[in-house]
Amino acid sequence: MTSTLLQQLQEACMKACHDLFNSRHQHIFQPAWFELSPTRKEFEGDLTLVVFPFVKMAGASPEQTAGLIGEELLQRREIEKYNVVKGFLNLTLPAVALENEFLSALQNHDFGFDKSEEKGISVVEYSSPNTNKPLHLGHVRNILLGHSVSALLAHSGYKVIKTSLVNDRGVHICKSMLAYKRAGGRDTPESMGLKGDHLVGHFYVAFDKVYKQEVAQLFKQYCAEHAETAALDNPAGQLKELSAKASDKKSALDVSEKLLLRQLTEISNKAEAEAPSMLEAREMLLKWEAGDEETLALWRKMNNWVYEGFSVTYQALGVNFDTFYYESDTYKLGKNLIDEGVSKEVFYRKPDGSAWLDLRTDGLDEKCLQRSDGTALYMTQDIGTAVERQKDTGFNQLIYVVGNEQDYHFKVLFRALQKLGYAWADKLYHLSYGMVELPEGKMKSREGTVVDADDLIEEMLHNAEEITKELGKTGDLPEQEQKQLFRSIGLSALKYFILKVDPRKKMLFNPRESIDFHGHTGPFIL
RNA sequence: GCACCCGUAGUUCAAUUGGAUAGAAUAUCAGAUUCCGGUUCUGGGGGUUACAGGUUCGAGUCCUGUCGGGUGCACCA
């Protein structure tokens, strides 16, 4: 059913009601009252009008009201026939009208696409990975959502620019660089027979292992040095236990427990910050920021490995991007906008020089926008990139596909841009999606419970192949086409599995059951 | 403590955004098919939509409260 046919009938209904009921009272009819929905299959008819809104103005029972409207439409030859069930008016369209619709749909190459108007430019940001480890199932949800939304927007009349903001800078990158150097600095994806992103990921894990040990040791040492904690025989266990208890709503900590927890947390933070590996990583970041050539060369080399790895994964998923933004380019952006905001008095500076935005009147909080040493924060940067993108593209709509843990961040970001007075600030949208969970709970890279994207894709293709061959459905297709077939079956199962659940809700993935190819699943769609 | 999100068959998810008797898949049970406790078909059972109020002609959907689960509250990203 095209929108024109629907619209025609909607207008006809509106006119009919106007002529029927307006003689007695003046009503302003709103199109929203005339939402026509497809008739349920257990009733006769094509479209259904809910007549309850008009019962009062008709001064009749729902059945009578529906009858009046139906009769009027019939008289005007808008419909073939009608029937009434309670307050529901089921309309049967003339066969000719349907036939015409069908014929014009056949003619129309773009059927189902809304090219009726140019809706402008829509920028969709998704994927946005860190460059220190491979993509996992959480990214897959993000990527498929972003890609699908882009496709939907393109089909509905937007010019879509798909973009990704690559987080390629910061201590976390330095961690894998450091571990790489420690391991001799000679390995390459080729020599190790690994995808670049996986190789770099290994070094990140290697760093973390050493770092954890250092922290544990330091923690123990510091605890022994403190009078209050020296007597504890298992301070690490105590800390874990207490923080678990503190986050549990049902149990409350008593005063001495609270005090102990605070001390232990303080010591733990100190140990984390002062572990030799962390100090070394920070030092490396400073070198990076100072433009040290050796550090930059290593950084470029490893990042390129990761990019090559990512592009293989993207290709396997059948997605792509039009532009990339790199945080190493954008991280300084936004500072002049903070100045602008301060001079406009929508932001303010504290005596130490840090810049803030006060949103307490909006029910939010105070938010730091710039550090006292003048360097940029996540928020500073995001303000900058938004403005930059508006300059680059002139977008009419900017969609961020980002997990729902960052709901607050985007609320503040949008408010900040509004306060700066940008007219396009209300065209920003955070497509917030829920986490992908395993039966044991959240995926945690530290505990090795992440579902790797490449492994998952490979498994899907493998399963598709096995099932298809077992059913003997390959016939005598050439091998190349068989591969193509397994790919589309396997990928469709994966994509449907991910996309069928409401993006806002968290979703469950059970690796032991593997994604189904039977029943209500992807392979049956095409 | 404060803020935001979520609670729907045993399980994983729907429900045209406030419309008709809350639907699928899967699991389960019964029957058919059969070299098979596998596969494939057919049919059945399975629900006080977490709970209690309210608004409405009409509520899974909106409002209030309670309970349960999650996330966020850094001069990290």
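For what it's worth, this note's numbering labels the leading residue of the first sequence as 3, then goes sequentially. Where a beta carbon is used, it is the ideal one built from N, C-alpha and C, also for glycine. Quick caveat: nothing in here was measured; it's all calculated off a predicted structure.
One question on the structure: do residue i and residue j come within less than 7 Å of each other, judged by their Cβ atoms?
{"i": "Val383", "j": "Thr332", "result": "This sequence places Gln at residue 383; Val is not what is there. Their beta carbons are under 7 Å apart, which means Gln383 touches Thr332 by this criterion."}
{"i": "Val168", "j": "Tyr380", "result": "no"}
{"i": "Ser124", "j": "Leu155", "result": "yes"}
{"i": "Ala238", "j": "Ala232", "result": "no"}
{"i": "Asn144", "j": "Tyr128", "result": "yes"}
{"i": "Trp290", "j": "Thr297", "result": "yes"}
{"i": "Leu505", "j": "Tyr435", "result": "Reading the sequence as shown, one finds Pro at residue 505 and not Leu. Their beta carbons are under 7 Å apart, which means Pro505 touches Tyr435 by this criterion."}
{"i": "His81", "j": "Leu93", "result": "What sits at residue 81 in the sequence shown is Ile, not His. For Ile81 and Leu93, yes; Cβs fall inside 7 Å."}
{"i": "Ser330", "j": "Asp170", "result": "yes"}
{"i": "Asp360", "j": "Glu368", "result": "yes"}
{"i": "Phe605", "j": "Cys15", "result": "An answer regarding residue 605 cannot be provided, because it is not within the stretch 3 to 528 covered by the chain."}
{"i": "Ala153", "j": "Thr315", "result": "no"}
{"i": "Phe113", "j": "His157", "result": "no"}
{"i": "Ile401", "j": "Leu433", "result": "yes"}
{"i": "Glu468", "j": "Phe488", "result": "no"}
{"i": "Gly311", "j": "Lys197", "result": "yes"}
{"i": "Val86", "j": "Gly69", "result": "yes"}
{"i": "Ile163", "j": "Asp364", "result": "no"}
{"i": "Leu139", "j": "Val403", "result": "no"}
{"i": "Ala246", "j": "Leu255", "result": "no"}
{"i": "Ile71", "j": "Leu95", "result": "no"}
{"i": "Ser279", "j": "Tyr213", "result": "yes"}
{"i": "Gln77", "j": "Leu38", "result": "no"}
{"i": "Met462", "j": "Lys508", "result": "no"}
{"i": "Gln530", "j": "Ile340", "result": "Beyond the ends of the chain as shown, which are 3 and 528, falls residue 530; an answer cannot be given."}
{"i": "Thr133", "j": "Asn305", "result": "yes"}
{"i": "Glu74", "j": "Leu22", "result": "yes"}
{"i": "Lys429", "j": "Gln408", "result": "no"}
{"i": "Leu7", "j": "Glu103", "result": "yes"}
{"i": "His228", "j": "Pro136", "result": "no"}
{"i": "Val126", "j": "Val98", "result": "no"}
{"i": "Thr476", "j": "Gln484", "result": "yes"}
{"i": "Gly47", "j": "Pro64", "result": "no"}
{"i": "Cys176", "j": "Met286", "result": "yes"}
{"i": "Glu295", "j": "Gln265", "result": "no"}
Name the DSSP bridge partner or partners of residue i?
{"i": "Cys225", "result": "Note: Cys225 sits in no beta bridge, so no partner."}
{"i": "Cys370", "result": "Trp358"}
{"i": "Phe397", "result": "For Phe397, which the question treats as bridged, DSSP gives no partner whatsoever."}
{"i": "Ile340", "result": "Per DSSP, none; premise fails for Ile340."}
{"i": "Ala378", "result": "Gln372"}
{"i": "Tyr84", "result": "Leu93"}
{"i": "Arg351", "result": "Ala357"}
{"i": "Val403", "result": "Leu433"}
Would you grab the beta carbon distance between residue i and residue j for me? Rounded to a whole angstrom, and I think it's under 8 Å.
{"i": "Val57", "j": "Thr67", "result": "5 Å"}
{"i": "Ile166", "j": "Val202", "result": "It is worth fixing the name first, because residue 166 is Ser in this sequence and not Ile. Actually they are not in contact, since the Cβ atoms of Ser166 and Val202 sit about 18 Å apart, beyond 8 Å."}
{"i": "Arg302", "j": "Val173", "result": "Not a contact, Cβ separation roughly 18 Å."}
{"i": "Ala378", "j": "Gly336", "result": "6 Å"}
{"i": "Lys421", "j": "Val348", "result": "4 Å"}
{"i": "Glu259", "j": "Leu244", "result": "6 Å"}
{"i": "Ala425", "j": "Phe416", "result": "Actually they are not in contact, since the Cβ atoms of Ala425 and Phe416 sit about 13 Å apart, beyond 8 Å."}
{"i": "Glu282", "j": "Leu366", "result": "Actually they do not touch by this definition, with Cβ atoms about 38 Å apart."}
{"i": "Ile500", "j": "Val142", "result": "7 Å"}
{"i": "Val452", "j": "Phe511", "result": "Actually they are not in contact, since the Cβ atoms of Val452 and Phe511 sit about 11 Å apart, beyond 8 Å."}
Contiguous alpha helix (DSSP H) assignments of at least 4 residues, all confined to the stretch 4-53: Counting whole runs of 4 or more residues, the stretch 4-53 contains the alpha helix (DSSP H) stretches 5-23.
Cβ pair count under 8 Å reaching 3, the stretch 180-200 against the stretch 433-451: The count of Cβ pairs closer than 8 Å, one atom from the stretch 180-200 and one from the stretch 433-451, stays below three, leaving the stretches out of contact.
Within the stretch 405-459, ranges of the beta strand (DSSP E) (whole runs, at least 3 residues): Taken in chain order, the unbroken stretches of beta strand (DSSP E) that lie wholly in the stretch 405-459 and span 3 residues or more are 430-435 and 438-440.
Any 3 or more C-beta pairs closer than 8 Å across the stretch 517-524 and the stretch 485-500: Output reads yes: the stretch 485-500 touches the stretch 517-524.
The stretch 209-220 in contact with the stretch 270-287 per 3-pair CB rule at 8 Å: Yes, the stretch 209-220 touches the stretch 270-287.
Runs of beta strand (DSSP E) wholly within the stretch 109-140 (minimum 3 residues, chain order): Taking only runs of at least 3 residues, the beta strand (DSSP E) segments lying wholly in the stretch 109-140 are 122-127.
Contained beta strand (DSSP E) runs [length at least 3] in the stretch 140-210, N- to C-terminal order: Counting only runs of 3 or more, we get 160-168.
Secondary structure, beta strand (DSSP E): runs of 3+ residues fully inside the stretch 260-344: Qualifying beta strand (DSSP E) stretches, in chain order: 325-328.
Ordered list of alpha helix (DSSP H) runs contained in the stretch 464-520, each at least 4 residues: Complete alpha helix (DSSP H) runs here, min 4: 481-501.
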